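If you want it as structure tokens, here you go:
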């Protein structure tokens, strides 16, 4: 791709990037939150403690709004394979179509059948089946993540394919394709990162209520679950999943690893830059402060390992935006480290029983929730910018993938439409979720529920 | 094998149209059959928790199309570019209006989303109708298997056609009326009180309007636009089941409407949609996208299919997925059987 703004490939890439980044703000919360709902429904069933049902009902409302926006922004993603990426669909559709279709047939049907039952059917289903519905939603959402990540893993590290006589890809082994080692590492890393988002949001709402001295029982639940899951998930994102992911990149995409670190010279004892700005024209990292040997160790297991530099590869094999790739990767690493420190300290305070009284920590937890969204986004930007200039790594260039019959004029038109529509959707989402959070969990209904669940709720609904 | 996949992909699209068509229809009539906020909640509740499940059929169709006919998806989706994005935006607006309309008990808020809901459903019905018209008429496919189409050119049906011409517009209008009738029949079955009575009246009017339109569209399609398809279709045994289903559905529908047997009428309405699409799909096979420029440019199922191994692999998992989907369907249909009750099936969790 050239950097000319009249290039149709640029606009198709920009549109896909914009719509997919926006879309993924919603599933990443539901992916994590689904297991909180399962946990609370399970605790409620086991202990009979109504607080857990109140928590599940409150978070189900936030889940429902997220899920709805996730569904409506997700459908354009599948369509864009055909509309904007016809070259790619023609070339690789025989392989990646398998998982896109499986996602619909196995994951979406499961998820959409049970989400209705979970949100609307508490009374009709009874506690046991309601828990089952929550499990169905959680499984559906993780299964859908798996199929999509298999698709992405094929683009990063193609396996299980053949090249036909017409030069197009065909699938040769479904098991090799589905069990792509890259897919499993990516899936584990991504799902843990989604769990980080979920736990930070749960903890932030708990901190908000604690600071406002509202809903003390509920805020305690959210803070405890949020910080505990948050610590475990933040650790798992870094090790082993993030570590394995980096090793995978080092093994299969060495030029990408060099670009992620802004390394132009190859060598052993390669460091990880704490600070530094890549200067691609001069082929160096400006103002670097490095941890020596860290990259060699992380990517290949010893401090002496040789790490390739960009100078060893022709410039047309480099990812086409090294600067953005470098910053995305470093922002992800920095945020991931901060998440571990924050959640470790919060868990320690929780263990000492001082979490709810530690005002400044509550403030930090409350304000921290946007950062996992940023970390997830830059993590995905690292993966996708790092894959360039390939659409299917080593096989098919991004420049060959976009729809040649669609003019820049049409793509810019639809991009403007998406920006406008998604801006309105964003306002709507913030308004509705803000309203739910301001309204808070309905603890009064919980008291009524014990007296006679169905009648109390029916009264409420009639009113 | 390729023919079997043609049947499967067409069937998925048909299931989608029959299931979501009722939502399009009910949505278009939303403001007309329901006057008060409570009545409007009743219509939304009739569509309610199932709309996203219905939409999954379209997603499943899109994914399966990419898996087994990748070249068709590439060519058709890029060619229908603007029309598809209009459809996507209407889907977004429709989904949002169902989901958020019930969240706030406020006249202005609900009135706004009710309006968005009606308009987006109407535009969706029109666009899907135009798309069906385009499938029947053909598109300006070049020798490289690609096409790019403007919204309209000279409104003719030959050569460099646009998305809209006199034929596709008439099919779009027919589709909107047909789906509205389908939706009204569904609402008659699912609601009670004034909404039920108004829906029953609308159903009768709309079905009366469908009859002459159906005759008109048939003449247009078989005599004017694609005359050379007529004789092979009559001799093609694959078209007969579809024609038989149409005949049965008309009898069922008329007897159901006349005797106020609501379930029978709705079954007839579903069968009619199925029969029309099945006959069309059988008649055009193996051509999936007909070229208005030169018939030899047409994309057939055999030229756009994925490799044999891809079709074989898909044949292994697809039946499993379909069986699971049918199981969920049986489960939720049983749960939502009978007329809706706003108190119980309220949209939104509160």
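Residue numbers (my numbering), protein chains in the order written: chain A, 97 to 559; chain B, -5 to 344.
Here a beta-carbon is modelled for each residue, glycine too, at the ideal position from N, C-alpha and C.
Fair warning: this is a prediction, and the values are worked out from it, not measured in the lab.
>> Counting only Cβ-Cβ distances shorter than 7 Å, please list the residues of the stretch 280 to 294 of chain B near chain A, keeping chain order.
In response: Result list empty, no residue passes.
> Does the beta carbon of residue 69 of chain B come closer than 8 Å to any beta carbon on chain A?
Replying inline: Walking along the second chain from the start, residue 69 of chain B turns up at place 75. Yes, contact with chain A.
>> So if I threshold CB-CB distances at 9 Å, which residues from the stretch 157 to 172 of chain A count as touching chain B?
In response: Hits within the stretch, in order: 157, 160, 161, 163, 164, 165, 167, 168, 169, 170, 171 and 172.
> If you draw a straight line from the alpha carbon of residue 116 of chain A to that of residue 194 of chain A, how long is it in whole angstroms?
Replying inline: Within the first chain, the letter at position 20 stands for residue 116 of chain A. Within the first chain, the letter at position 98 stands for residue 194 of chain A. Distance between the alpha carbons of residue 116 of chain A and residue 194 of chain A is about 20 Å.
> Are the CB atoms of residue 205 of chain A and residue 12 of chain B nearer to each other than 8 Å?
Replying inline: By one-based count along the first chain, residue 205 of chain A stands at place 109. By one-based count along the second chain, residue 12 of chain B stands at place 18. No, the pair does not count as a contact, with Cβ atoms beyond the cut-off.
>> Along the stretch 135 to 157 of chain B, where does the CB come closer than 8 Å to a CB of chain A? Name the residues.
In response: Within the stretch 135 to 157 of chain B, the qualifying residues are 140, 141 and 142.
>> Please report whether the beta-carbon of residue 303 of chain B lies at a distance below 8 Å from any beta-carbon of chain A.
In response: Against the second chain, residue 303 of chain B aligns to sequence position 309. True, the Cβ-Cβ gap to chain A drops below 8 Å.
> Any idea which residues DSSP pairs residue 257 of chain A with across the strands?
Replying inline: Looking up residue 257 of chain A in the first chain gives position 161. According to the DSSP secondary-structure assignment, residue 257 of chain A is paired through a beta bridge with A:267.
>> So, for residue 110 of chain B: in the same chain, excluding its five sequence neighbours on each side, which residues have a beta-carbon less than 7 Å away from its beta-carbon?
In response: Position 116 of the second chain, counted from the start, is the residue given in the question as residue 110 of chain B. Within the same chain, Cβ atoms closer than 7 Å to the Cβ of residue 110 of chain B are found at 87 and 91, the five residues on either side in sequence being excluded.
> By how many angstroms is the C-alpha of residue 289 of chain A removed from the C-alpha of residue 533 of chain A?
Replying inline: Here residue 533 of chain A refers to the residue found at position 437 when the first chain is read from its first residue. Here residue 289 of chain A refers to the residue found at position 193 when the first chain is read from its first residue. Approximately 23 Å, taken between the alpha carbons.
> Cα separation between residue 244 of chain B and residue 266 of chain B?
Replying inline: Position 250 of the second chain holds residue 244 of chain B. Position 272 of the second chain holds residue 266 of chain B. Within the model, the alpha-carbon separation for residue 244 of chain B versus residue 266 of chain B is close to 7 Å.
>> Is there a C-beta anywhere in chain A that falls below 8 Å from the one on residue 82 of chain B?
In response: Here residue 82 of chain B refers to the residue found at position 88 when the second chain is read from its first residue. Chain A contact via Cβ: present.
> Quick one: Cα of residue 116 of chain B to Cα of residue -5 of chain B, how far?
Replying inline: Counting from 1 along the second chain, the entry for residue 116 of chain B is found at position 122. Counting from 1 along the second chain, the entry for residue -5 of chain B is found at position 1. Between residue 116 of chain B and residue -5 of chain B, the alpha-carbon positions lie close to 37 Å from each other.
> Smallest Cα separation from residue 165 of chain B: which of B:208, B:148 and B:182?
Replying inline: Sequence index remark: in the second chain, residue 165 of chain B carries index 171 (1-based). Check the Cα spacing between residue 165 of chain B and each of B:208, B:148 and B:182: the tightest is with B:208.
> Going by beta carbon distance, what residues of the same chain come within less than 7 Å of residue 318 of chain B, once the five residues before and after it are set aside?
Replying inline: Residue mapping note: residue 318 of chain B aligns to position 324 of the second chain, counting from 1. If we look at residue 318 of chain B and ignore the five residues flanking it on each side, it has no Cβ neighbours.
> Can you name the residues that DSSP bridges to residue 280 of chain B?
Replying inline: The residue you call residue 280 of chain B lines up with position 286 of the second chain. DSSP lists no partner for residue 280 of chain B.
>> Against chain A, does residue 32 of chain B count as a neighbour if the rule is that its beta carbon must be under 8 Å from one of theirs?
In response: Residue 32 of chain B sits at position 38 when you count from the first residue of the second chain. Interface with chain A (8 Å Cβ-Cβ cutoff): residue 32 of chain B is excluded.
> Are the C-beta of residue 248 of chain A and some C-beta of chain B separated by less than 8 Å?
Replying inline: For the purposes of this step, residue 248 of chain A is identified with residue 152 of the first chain, where counting begins at 1. Output row for residue 248 of chain A: interface = no.
> Under the rule that 16 or more other beta-carbon atoms within 10 Å means buried, what is residue 285 of chain B, buried or exposed?
Replying inline: Numbered from its first residue, the second chain carries residue 285 of chain B at position 291. Burial of residue 285 of chain B is indicated by the presence of at least 16 other C-beta atoms within 10 angstroms of its C-beta.
> Would a check of beta-carbon distances place residue 194 of chain A closer than 8 Å to chain B?
Replying inline: As a position in the first chain, residue 194 of chain A is number 98, starting the count at 1. At least one CB atom of chain B sits nearer than 8 Å to the CB of residue 194 of chain A.
> Looking only at its own chain, which residues have a Cβ that is under 7 Å from the Cβ of residue 246 of chain B, when we skip the five neighbours before and after it?
Replying inline: The sequence position of residue 246 of chain B within the second chain is 252, counting from 1. In the same chain as residue 246 of chain B, and ignoring 5 residues on each side of it, the C-beta atoms closer than 7 Å to its own belong to 258, 261, 262 and 265, in chain order.
> What three-state label does DSSP hand residue 193 of chain B in the structure shown?
Replying inline: In the second chain, residue 193 of chain B corresponds to position 199, counting from 1. Helix at residue 193 of chain B.
> How is residue 58 of chain B classed by DSSP in three states: helix, strand or coil?
Replying inline: For the purposes of this step, residue 58 of chain B is taken as residue 64 along the second chain, with counting starting at 1. Shown here, residue 58 of chain B sits in a helix according to DSSP, grouped into three states.
> Would residue 120 of chain A be called buried (16 or more neighbouring beta carbons within 10 Å of its own) or exposed?
Replying inline: Here residue 120 of chain A refers to the residue found at position 24 when the first chain is read from its first residue. Residue 120 of chain A should be labelled buried.
> From the beta carbon of residue 504 of chain A, is the nearest beta carbon of chain B less than 8 Å away?
Replying inline: The residue you call residue 504 of chain A lines up with position 408 of the first chain. Answer no: the Cβ-Cβ gap between residue 504 of chain A and chain B never drops below 8 Å.
>> Taking only three categories from DSSP, how would you classify residue 385 of chain A?
In response: Here residue 385 of chain A refers to the residue found at position 289 of the first chain. Collapsing the DSSP output to three states places residue 385 of chain A in a strand.
> If you measure beta-carbon to beta-carbon, which residues of the stretch 2 to 14 of chain B are closer than 8 Å to chain A?
Replying inline: Residues of the stretch 2 to 14 of chain B with a C-beta less than 8 Å from any C-beta of chain A: none at all.
>> Considering Cα atoms alone, identify which of A:247, A:164 and A:282 is closest to residue 345 of chain A.
In response: By one-based count along the first chain, residue 345 of chain A stands at place 249. The residue with the shortest Cα to Cα distance from residue 345 of chain A is A:282.
>> Going by DSSP in three states, residue 158 of chain B sits in which element: helix, strand or coil?
In response: Looking up residue 158 of chain B in the second chain gives position 164. Looking at residue 158 of chain B - three-state DSSP - the assignment turns out to be strand.
>> Tell me the rounded alpha-carbon separation between residue 539 of chain A and residue 147 of chain A.
In response: As a working note, residue 539 of chain A is residue 443 in the first chain. As a working note, residue 147 of chain A is residue 51 in the first chain. Between residue 539 of chain A and residue 147 of chain A, the alpha-carbon positions lie close to 8 Å from each other.
>> On the DSSP letters alone, give me the boundaries of the alpha helix (DSSP H) that residue 487 of chain A sits inside.
In response: The count along the first chain starts at 1 and reaches residue 487 of chain A at position 391. From DSSP, residue 487 of chain A is part of no alpha helix (DSSP H) but of the beta strand (DSSP E) over 486 to 488.
> Taking buried to mean at least 16 other C-beta atoms within 10 Å of its own C-beta, is residue 202 of chain B buried or exposed?
Replying inline: One-based indexing of the second chain puts residue 202 of chain B at position 208. Exposed is the call here.
> Using 8 Å as the limit for Cβ to Cβ distance, is residue 251 of chain A near chain B?
Replying inline: In the first chain, counting from the first residue as 1, residue 251 of chain A sits at position 155. Using a Cβ-Cβ cut-off of 8 Å, residue 251 of chain A does not count as an interface residue toward chain B, since no Cβ of chain B sits closer than that to its own.
> Counting only beta-carbon atoms, is residue 524 of chain A nearer than 8 Å to chain B?
Replying inline: As a first step, residue 524 of chain A must be located in the first chain, where it is residue number 428. With its beta carbon less than 8 Å from one in chain B, residue 524 of chain A belongs to the interface.
> Under the rule that 16 or more other beta-carbon atoms within 10 Å means buried, what is residue 309 of chain A, buried or exposed?
Replying inline: Here residue 309 of chain A corresponds to residue number 213 of the first chain, with the count starting at 1. By the Cβ neighbour-count rule, residue 309 of chain A is exposed, with fewer than 16 other Cβ atoms within 10 Å of its own.
>> If the criterion is Cβ atoms closer than 8 Å, does the pair residue 122 of chain B and residue 133 of chain B meet it?
In response: The residue labelled residue 122 of chain B in the question sits at position 128 within the second chain. The residue labelled residue 133 of chain B in the question sits at position 139 within the second chain. No, they are not a contact pair.
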